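As structure tokens, the structure follows; a few thoughts come after it.
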């Protein structure tokens with residue numbers, strides 16, 4: 052059995068260690084965060100403060116989107132888009148890493164606390180009953196402040212999260 056986390060697609064591009072974990076991991080990725088990859092890739096605004104880091108991350112985003120656009124992977128993603136909250140078949144990202152796309156929809160339930168991407172992440176975590184993995188301390192604070200019933204890990208605690216029992 053693998054550890055499962057809800058995560059934004061861009062985190063998989065930024066944090067390479069997420070694709071080479073010490074244990075089996077399944078990442079559940081809300082589809083709106085996949086669409087965000089294309090926005091980040093084409094945006095003239097930097098994602099990172101350092102120009103070389105920014106170019107590196109944009110290259111990793113391009114690699115991830117190209118991989119997801121390969122015919123078999125694209126077909127898997129398209130299957131998830133037929134019905135709200137349906138899930139794609141798993142896409143293999145590495146020897147012990149799978150990616151499942153969820154056609155998550157923002158219902159504005161947490162609109163006063165969270166932005167639309169954060170909302171679909173939280174709603175997906177609630178529906179799946181699994182923790183969120185993020186690098187955004189502000190999002191973690193808002194989840195705690197709003198008393199949203201989801202477990203959340205900072206990416207810096209990823210190795211600790213893998214030590215937690217599965218299931």
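In the numbering used here, the protein residues as written are 52 to 218. All C-beta atoms in this analysis are idealised placements derived from N, C-alpha and C, irrespective of residue type, glycine included. Computed from a prediction, not measured in an experiment: that's the story for all the values here.
* Identify, in the order they occur along the chain, each residue of the same chain with its Cβ nearer than 8 Å to the Cβ of residue 62, setting aside the five sequence neighbours on each side. => These residues qualify, in order along the chain: 69, 184, 185, 186, 206.
* Going by C-alpha distance, which of 76, 65, 108, 102 is nearest residue 216? -> Ranking the options by Cα distance to residue 216, first place goes to 76.
* Asked: Three or more beta-carbon pairs under 8 Å between the stretch 81-94 and the stretch 164-172, yes or no?
  -> Yes, they touch.
* Ordered list of beta strand (DSSP E) runs contained in the stretch 169-208, each at least 3 residues -> Correct list: 183-185, 203-205.
* Asked: What do you reckon, are the CB atoms on residue 128 and residue 139 nearer than 8 Å?
  -> Yes, these two residues count as a Cβ contact at 8 Å.
* Asked: Helix, strand or coil: which one does DSSP assign to residue 145?
  -> It is a strand residue.
* Spatial neighbours of residue 64 within its chain, please: CB distance less than 8 Å, with the 5 preceding and 5 following residues excluded, ordered by chain position. => So the qualifying residues of the chain are 88, 108, 111, 112, 114, 115.
* **Rounded separation between residue 214 and residue 66 - CA only** => Within the model, the alpha-carbon separation for residue 214 versus residue 66 is close to 19 Å.
* residue 52 to residue 86 span [Cα, whole Å] -> Straight-line Cα distance between these residues: approximately 29 Å.
* Could you tell me whether the Cβ of residue 68 comes closer than 8 Å to any Cβ of chain D? => Absent from the structure is chain D; it holds one protein chain and no more.
* To do: Could you spell out where the alpha helix (DSSP H) holding residue 118 opens and where it closes?
  => Annotation for residue 118: the continuous alpha helix (DSSP H) segment containing it runs 102-120.
* **Buried or exposed (CB count within 10 angstroms, at least 16 for buried), residue 72** => When all chains shown are included, residue 72 counts as buried.
* Is the beta carbon of residue 137 sitting closer than 8 Å to the one on residue 150? -> Not in contact: residue 137 and residue 150 (Cβ atoms no closer than 8 Å).
* Helix or strand or just coil, what does DSSP make of residue 13? -> Missing from the structure shown is residue 13; the chain here goes from 52 to 218 and no further.
* For residue 118, which option in 192, 161, 177, 60 has the closest C-alpha, if you only look at C-alpha atoms? -> The closest CA to that of residue 118, considering only 192, 161, 177, 60, is found on 60.
* **Proximity of residue 161 and residue 182 at Cβ, strictly below 8 Å** => The answer is no: Cβ separation not under 8 Å.
* Asked: Start and end of the alpha helix (DSSP H) containing residue 165?
  -> Careful: residue 165 lies outside any alpha helix (DSSP H) and carries neither H nor E.
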